[in-house]
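Just so we're aligned, residue 340 is where the sequence shown starts under the numbering used here, counting upward by one. Below is one structure, written out as structure tokens; the observations come after it.
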Amino acid sequence: MSDIQKHDQQAYNHLAKFFAKYWSKSRLSIVLKCDALVNNLCECFSSVIVEARKKSIVSMLKDIRRKIEKELDKGDEWIVVYTGRDKYEMYSTHGNRDKFVVDLKNHEYSCRKFN
340 MSDIQKHDQQ AYNHLAKFFA KYWSKSRLSI VLKCDALVNN LCECFSSVIV EARKKSIVSM
400 LKDIRRKIEK ELDKGDEWIV VYTGRDKYEM YSTHGNRDKF VVDLKNHEYS CRKFN
């Protein structure tokens, strides 16, 4: 806020009237308010099966099944460790060695992919 105040006093005065949760990106909810995600998923899926769509129906379905199985196998690349009080740590066993904390009680996830 001090940076905003130095840059533009009028903007600072306007923002100071409201709670930060209404305008600060760090305080915004990450819950989706529209179906854009569904459309993005459809577009993503369509882009993955472009080559398979050129084949006969049986061959296309086999290719799609293989791609889905390959993606499901990626889920086996995580180790989940219970750390107590409904908290878990997830460790990647492949590639970048990511680590995330999942708090089931408070519905908090450090990766923010599930919110």
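Note that beta-carbon positions come from the ideal geometry of N, C-alpha and C, so glycine has one too. Remember, it's a predicted structure, so these values are computed and weren't measured experimentally.
Beta-carbon separation (whole angstroms), residue i vs residue j, contact threshold 8 angstroms
| i | j | result |
| --- | --- | --- |
| W417 | Y430 | 7 angstroms |
| D425 | K438 | Going by Cβ atoms, the distance from D425 to K438 rounds to 18 angstroms, so no, they are not a contact pair. |
| V389 | K406 | The Cβ separation is near 11 angstroms, so there is no contact. |
Boundaries of the alpha helix (DSSP H) in which residue i is found, first to last residue
| i | result |
| --- | --- |
| S341 | S341 to H346 |
| E410 | I396 to K413 |
Contacts around residue i, its chain only, beta-carbon distance under 6 angstroms, and the 5 residues preceding and following it disregarded
| i | result |
| --- | --- |
| H433 | E416 |
Beta-carbon contacts of residue i that lie in its chain and below 7 angstroms, excluding the five residues immediately before and after
| i | result |
| --- | --- |
| I299 | Examination of residue 299 is not possible in this model, given that the chain is present from 340 through 454 alone. |
Identity of the residues DSSP links to residue i by a beta bridge
| i | result |
| --- | --- |
| E390 | For E390, which the question treats as bridged, DSSP gives no partner whatsoever. |
* With a floor of 3 residues, list each beta strand (DSSP E) that falls wholly inside the stretch 416–444, ordered by position along the chain. => List check, beta strand (DSSP E) in window: 417–423, 426–431 and 438–442.
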